Amino acid sequence: MKRIYSTLAILLCIPLSNLLAQNRFIPQDTTINVSTEVEVDTLLAGRQIFSLLSESFPGGGTVIVRQSGTLRNALLSHINSNSERVIIGYRIRIYFDNSQNARMRSEAIANQFVREYPHIKAYLSHVNPYFKVTVGDFRTKYEAQQFASQISSRYPSVFIVREQIGYPIVSTSGTSL
49 MKRIYSTLAI LLCIPLSNLL AQNRFIPQDT TINVSTEVEV DTLLAGRQIF SLLSESFPGG
109 GTVIVRQSGT LRNALLSHIN SNSERVIIGY RIRIYFDNSQ NARMRSEAIA NQFVREYPHI
169 KAYLSHVNPY FKVTVGDFRT KYEAQQFASQ ISSRYPSVFI VREQIGYPIV STSGTSL
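Each residue of the sequence shown is one higher than the one before, counting from 49 in our numbering.
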């Protein structure tokens, strides 16, 4: 009888241990943006859709858009309020260390990377005790892998991480920069 009670007690404790395991603390990265460039998601930056529709193109007709000023203001307000949105994408970690001089080394590596690749952002982050340098804002893992293979000779310990990224610039070839 004692064996049955002890077996039941153990079986009841197993689900409770899973509940306790889910309450662990996960530290968040503190990120510092090294690059100061302003990036825009589309090639039509600074142009409004209503003015684009009104333009005439060779071999095409002309579209006349009649709209109230409140509609234009509402569209501009929507664009401004959503300009800081982020998406889940990929970055490339080029440095990851917790040694005594890791902070100075991470800053030097980030500055060196920005000098070599000025069109790609570098991010310094610190999650105790590690200092990290992560670069790029890639929409797909394939784009990140392509760039990682380009820089792997210069930065041999590169690996791809999935993170929240800012909207990357889309080039005319259709790939993110």
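Note that beta-carbon positions come from the ideal geometry of N, C-alpha and C, so glycine has one too.
These figures come from a predicted structure and were not determined experimentally.
For the pair of segments examined, the region 108-122 was found not to touch the region 175-193: the number of CB pairs separated by less than 8 Å stays below three. Within its own chain, the residues whose Cβ lies closer than 7 Å to the Cβ of R210, once the five positions on either side in sequence are excluded, are I136 and Y138, listed in chain order. Under the three-pair Cβ rule at 8 Å, the region 190-203 does not count as touching the region 114-126. Comparing C-alpha distances from I208 to each of K189, V113 and I58 shows the shortest one belongs to K189. For H174, the enclosing beta strand (DSSP E) starts and ends at A170 to V175. Beta-bridge pairing by DSSP links Y203 to no other residue. Between the alpha carbons of I142 and P204 lies a distance of about 8 Å. Here A150 is actually not in contact with F161; their C-beta atoms are around 16 Å apart, not less than 8 Å. Pairing V175 with R163, the inter-Cα distance amounts to about 25 Å. For V162, the secondary structure class from DSSP, reduced to helix, strand or coil, is helix.
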